[in-house]
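Under the working numbering, residues -9 to 510 are what the sequence shown spells out, in order. Cβ coordinates follow ideal geometry from the N, Cα and C atoms, glycine included. Structure record follows, encoded as structure tokens.
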Amino acid sequence: MTQIAHDRLLIIDFGSQVTQLIARRLRELNVYCEIHPFNRVDAAFLDEFSPKAVILSGGPASVFAEGAPMPPAGLFERGIPILGICYGQQVMMHCLGGKVERGHGTAEFGRAFVTPAAEKHPMLEGWFADGREQVWMSHGDHVSQIAPGFAVYGTSPNAPFAITADPARGFFAVQFHPEVHHTPAGAQLLRNFVHLAGFNGDWTMGAYREEAIRKICEQVGDAKVICGLSGGVDSSVAAVLIHEAIGDQLTCVFVDHGLLRKNEADEVVTMFRDTYNIALIHADESDLFLGELAGVTDPEVKRKTIGRLFIDVFQKHATAVGGAKFLAQGTLYPDVIESVSFSGGPSVTIKSHHNVGGLPEKMGLKLVEPLRELFKDEVRALGRELGLPPSFIGRHPFPGPGLAIRCPGEVTREKLAILRAADAVFIDQIRKHGLYDDIWQAFVALLPVRTVGVMGDGRTYDYACALRAVTSVDGMTADYFPFSHEFLGETATRIINEVQGINRCTYDITSKPPGTIEWE
Ligand code: XMP
């Protein structure tokens, strides 16, 4: 368990997909918090962790289910403020003498509006300026009777107990999710909660950095570590952070799997060698990766193959540097949530992000993943804190499996060369128009289809490509970028004229969800 001098808030996780957003909102408020699954928190844990306040997250379960997730015994008798969110509200009521009913006909998903009750509560400071607040509901069961000591402070048409509190005990329980963007005043509610709980907001990115360094030293001891460097901001921040922690125990391995963008390998290796004094191996493994990918068309098989080969290559280099025991990666929270389900089962796996889902069980290296709790913009803030060059911090994300997942169907050297050339033109256009920093990520996907065209007086029969550019806050949801028609027309003309092998260009206007950002 972490030992730190700051006041700590404990988030007990009941398995909601958005629990990490609670942590993120709290970090924005400079509050130190940790998320622990409900089944690992008991009275002894609470004694040791000594939280100044607790938040009970939402979750998919029903309090009626056999073995329903419950908070630890004695939690409500510790005299600390507690906020229950959604399922967290239901377990609070269930444990404290209220009633919960099954969701027949009253399940509610999506936007709702809450209006205030007659009584005011300081938790709602800044709320209801316009008479009501938009909130985001996502629940099956609902509270039908509040526990003794609680009163109602806000209702919505379908949730008579949308906001409830027991002011004497500092308990607060809401039916909706204050942590998501769709509850615009939710952050204010969390701010009020931590303010009332007495947090002084002294947890900064500088403190996060110190803490992360301490944890890395603790985990690694005097062992050697190799770090998979992709040139993206995540692995670069991870490498610099780990280097601060353990110095020359770290060797970075930049694997060129033959699936990189134009000039990428040179740029990354040069930037790292020029700026940092970190041992760096440049491993050209393109024959290995492209050889194994020959004939593979299924997206998950591609991802798993690439993940497996990465591990083989890392293991080879781990031995070469004199027996590294750890592999460091820049895995972020969205990679984790989209690759593994809460229960650890495969049911909701959307993609096996290579740095999470593709690792073979028998890997001889342990993982160091210092960014595993963070979202992209937080990693960028940490990168700034660590002094990484702004041009590096601003780079668009690039996935570990590289161009393989932007090339639906079989990946061949010929297709990769065409894709690289088209992608370079698209990014050049975006930079020339001053749009690079307004876009989360932009790239070209080469479609596995040839179409007929006419150029000059001749017939062409070449590949079609799709341009993809999205805005996003954290990669978990995304909107397509609204380029002007002029920009799109000019870009299509340039790609078709400058790139041999492409004769048709489309623009992908799918948001996420229902699409994903990458094509595979
Ligand atoms: P999707 O396509 O899942 O992508 O909407 C969300 C974000 O994650 C990136 N991505 C990956 N990053 N390894 C990574 O390091 C992967 O296997 C991977 N797959 C997708 C993607 O580029 C986008 O930024």
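Determine the DSSP secondary structure at S128, reduced to helix, strand or coil.
Note: S128 maps to strand in three-state DSSP.
Near P41, which residues of its chain fall below 8 Å by C-beta distance, leaving aside the five closest residues on each side in sequence?
So the qualifying residues of the chain are R(-2), L(-1), L0, I70.
Here's the rule I'm using: 16 or more other beta-carbon atoms within 10 Å means buried, otherwise exposed. How should N29 be labelled?
That one is exposed.
Tell me which residues share the same chain as N190 and place their Cβ nearer than 6 Å to its Cβ, disregarding the 5 neighbours each side in the sequence.
Take N190, set aside five residues on each side of it, and no residue of its chain has a beta-carbon closer than 6 Å to its own.
Return yes when the C-beta of K294 is under 7 Å from any heavy atom of ligand 1, and no when it is not.
The beta carbon of K294 sits no closer than 7 Å to any heavy atom of ligand 1.
Which residues in the same chain have their Cβ closer than 8 Å to the Cβ of L186, if we skip the five residues on either side of it in sequence?
Within the same chain, L186 has close Cβ partners P71, P112, M113, G160.
Does DSSP classify P380 as helix, strand or coil?
For P380, the three-state secondary structure derived from DSSP is helix.
Would you list the residues sitting across from R(-2) in a DSSP beta bridge?
R(-2) pairs with Y22.
How far does the beta strand (DSSP E) with E200 in it reach, from first residue to last?
For E200, there is no enclosing beta strand (DSSP E); the enclosing alpha helix (DSSP H) has its first and last residue at 195 to 210.
Would you tell me roughly how many angstroms separate the C-alpha atoms of A213 and L270, rounded to the nearest one?
A direct Cα-to-Cα measurement between A213 and L270 gives close to 17 Å.
Hey, which unbroken runs of the alpha helix (DSSP H) at 4 residues or more fall wholly within the segment 407 to 467?
Complete alpha helix (DSSP H) runs here, min 4: none at all.
Inter-residue spacing [alpha-carbon to alpha-carbon] between L437 and H171
So the two alpha carbons sit approximately 34 Å from each other.
Candidates E290, V358, L249, A141: closest to A228 by CA position:
Among E290, V358, L249, A141, the Cα nearest to that of A228 belongs to V358.
Residues in its own chain within less than 6 Å of I153 by CB, not counting five upstream and five downstream?
So the list reads Y143, G144, V164, once near-sequence residues are dropped.
Any Cβ of chain B within less than 8 Å of the Cβ of V369?
In summary, chain B is missing from the structure at hand, where a single protein chain is found.
Nearest CA to the CA of A59: which residue from F4, A13, G443?
Looking at the sequence provided, one finds Pro at residue 59 rather than Ala. It is F4.
Is the beta carbon of I232 closer than 8 Å to that of P168?
The answer is no: Cβ separation not under 8 Å.
In whole angstroms, give me the CA-to-CA distance for Q490 and I408.
Counting only the Cα atoms, I408 lies some 7 Å from Q490.
Segment limits, beta strand (DSSP E) that includes A155:
In the DSSP assignment, A155 falls within the beta strand (DSSP E) that extends over 149 to 156.
Limits of the alpha helix (DSSP H) - the one that D264 falls within
It spans 254 to 265 - the alpha helix (DSSP H) in which D264 sits, taken as one unbroken run.
Within the present structure, is the beta-carbon of K252 separated from the nearest heavy atom of ligand 1 by less than 7 Å?
Placement of the Cβ of K252 at a distance of 7 Å or more from every heavy atom of ligand 1 is found.
Check whether the Cβ of I514 lies closer than 7 Å to any heavy atom of ligand 1, and answer yes or no.
Past the boundaries of the shown model lies residue 514; the chain is included only from -9 to 510, so the question cannot be answered.
Roughly how many angstroms lie between the CA atoms of E508 and D32, to the nearest whole one?
One C-alpha to the other measures close to 41 Å.
Among the residues of its own chain, which have a CB less than 6 Å from the CB of L219, if the five just before and after it don't count?
Closer than 6 Å at the Cβ level, and outside the excluded window around L219, lie S225, A229, C242, F244.
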